[in-house]
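Taking it in order: structure first as structure tokens, then the write-up.
There are 2 protein chains.
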Amino acid sequence: MRADAKKNYDHILDIARGVIAGHGSDASMRDIARRAEVGLATLLRHFPTRETLFEALLCTNLDALTQKSAELEVSNAPGDALATWVADWVAFAGSYKGVVDMMAAAHTNPGSALYASCAAVHSASGRLLARAQAAGAAREDMNGDDLFALMTALGWAIDQPSFAPRADHLVRLITSAVLGETVGK
Amino acid sequence: MRADAKKNYDHILDIARGVIAGHGSDASMRDIARRAEVGLATLLRHFPTRETLFEALLCTNLDALTQKSAELEVSNAPGDALATWVADWVAFAGSYKGVVDMMAAAHTNPGSALYASCAAVHSASGRLLARAQAAGAAREDMNGDDLFALMTALGWAIDQPSFAPRADHLVRLITSAVLGETVGK
DNA sequence: ACCTGAACACCGTTCAAGT
DNA sequence: ACCTGAACACCGTTCAAGT
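Set out below in structure tokens:
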């Protein structure tokens, strides 16, 4: 990439971050281009898809997340590791409004720029769950797909303004369910 | 309403049902008008908001749902009643793609045509949960808001193509978590 | 190489004009 | 009363033309 193009790219990404932080994942591409003082066509050549833009925007966070999963797989006690993983995912999911919807959609089609990241989160979840199950620290009647679905659903829920106030509690509920903890009745 | 208007209204609703069944909750209003062979402005006078259209489209289902909750509150064993209620909600949530997103959004603003229905589902959930808790058939560490959030998140999840195959299992997982059932580990 | 204006086909909103 | 075409301000896509 030429130096001037690189500078343009970085500038656009910087502005996009701000706009998306404000308006969420369905922010107008035109609006982003406008605020970056760049033609819409230019924005779309750097990021042909909304997903491409998000991939660039999230790659730091996503790398940190998957690296964290690798650490958790070896360091912590299996049950704690799983609980921490869910909490980390939720923190990531809160990075931008609508990110979870996007990930859930990307999860379906391999053509998406976010597909690989989704698959990574999915499989990391599967490994951490299996490890916890082997240690008797998680309920047996679920698999990696189920965990990923629950984590995504949880991320979606706390993204909703009406459910956000109970976010911490909802995370605790799901986590305790996954760990198969005995609860007071 | 005049007879010709009534006929128009019913026809539009009929066509809308088909289009939304095919394209989900974010079907184009213009497309609905076009297929109903009616001006877009006519459609929008009958249903000024997308929510208004959905309210009309869903009112039968929603009435059945809330009536069912009233029956469950007195007839079934508290735990079974709660489990059945969750299952009924999930069935409703599957009526049209995207309905849950809409309900979750409507839940926040009292101006929405779907607000009352959301509130009804919310409060019915609270009553059925409280009844189950009083009978020692549900976990104590959650309230009606939490249950509604979990039910909605569950509805959202099974609406996603990638999670749909595990729908039944996901319902079972959430239900067993809410009931505080002891699980094999 | 890199950028961009402009045309395109969409969307929902609004309203003056028609029956 | 009820309907509707048309103008409006948006959206993302595409591409020929400019530096």
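One line per chain: the protein sequences are B and Y, in this order. For the first sequence, numbering that gives the first Met the number 0 gives the first residue as 0, with consecutive numbering after it. For the second sequence, numbering that gives the first Met the number 0 gives the first residue as 0, with consecutive numbering after it. Using N, Cα and C, we set each Cβ at its ideal position, and we do this for glycine too. Please read all numbers here as calculations on a predicted model, not as lab measurements.
In terms of residues, what are the limits of the alpha helix (DSSP H) holding residue i?
i, result
"Pro-77(Y)", "77-92"
"Gln-66(B)", "49-73"
"Tyr-114(B)", "114-133"
"Arg-44(Y)", "39-45"
"Asp-140(B)", "Neither: Asp-140(B) is in no alpha helix (DSSP H) and is coded neither H nor E."
"Val-177(B)", "166-178"
Does DSSP put residue i in a helix, in a strand, or in coil?
i, result
"Phe-147(Y)", "helix"
"Ala-26(B)", "coil"
"Tyr-95(Y)", "coil"
"Arg-33(B)", "helix"
"Arg-1(Y)", "coil"
"Asn-7(Y)", "helix"
"Ala-136(Y)", "coil"
"Val-18(B)", "helix"
"Ala-110(B)", "In the sequence under discussion, the amino acid at residue 110(B) is Gly, which differs from the Ala named in the question. The answer is coil: DSSP assigns Gly-110(B) none of H, G, I, E or B."
"Gly-183(B)", "coil"
Checking contacts by CB at 8 Å: is residue i closer than that to chain Y?
i, result
"Ser-161(B)", "yes"
"Leu-172(B)", "yes"
"Arg-126(B)", "no"
"Ala-92(B)", "no"
"Ala-103(B)", "yes"
Which bits of chain Y does residue i rub up against, with CB to CB less than 9 Å?
i, result
"Gly-183(B)", "Arg-138, Glu-139, Asp-140 and Gly-179"
"Thr-107(B)", "Gln-159, Pro-160 and Ser-161"
Quick check: residue i and residue j, are their CB atoms within less than 8 Å of each other?
i, j, result
"Val-99(B)", "Gly-154(B)", "yes"
"Met-28(B)", "Leu-12(B)", "no"
"Val-177(B)", "Leu-149(B)", "yes"
"Ala-112(B)", "Thr-48(B)", "yes"
"Leu-71(B)", "Trp-88(B)", "no"
"Ala-163(B)", "Thr-151(Y)", "no"
"Gly-143(B)", "Gly-97(B)", "no"
"Ser-116(Y)", "Leu-146(Y)", "no"
"Ile-19(Y)", "Leu-56(Y)", "yes"
"Gln-159(Y)", "Ala-103(B)", "yes"
"Leu-128(B)", "Ala-80(B)", "no"
"Ala-15(B)", "Leu-52(B)", "yes"
"Arg-138(B)", "Gly-179(B)", "yes"
"Thr-59(B)", "Ala-119(B)", "no"
"Ala-26(Y)", "His-10(Y)", "no"
"Val-170(Y)", "Ala-69(Y)", "no"
"Thr-174(B)", "Ala-90(B)", "no"
"Ala-2(Y)", "Pro-77(Y)", "no"
"Leu-61(Y)", "Met-141(B)", "no"
"Tyr-95(Y)", "His-45(Y)", "no"
For a contact meaning CB atoms closer than 7 Å, what does residue i contact in chain Y?
i, result
"Trp-155(B)", "Ala-152 and Trp-155"
"His-168(B)", "Asp-145"
"Arg-165(B)", "Asp-144, Asp-145 and Ala-148"
Is there a Cβ from chain B that is less than 8 Å from the Cβ of residue i?
i, result
"Ala-176(Y)", "yes"
Against residue i, what residues of chain B qualify as contacts under a CB-to-CB distance less than 7 Å, listed in chain order?
i, result
"Ala-2(Y)", "Here the premise fails: no neighbours, minimum Cβ distance about 41 Å."
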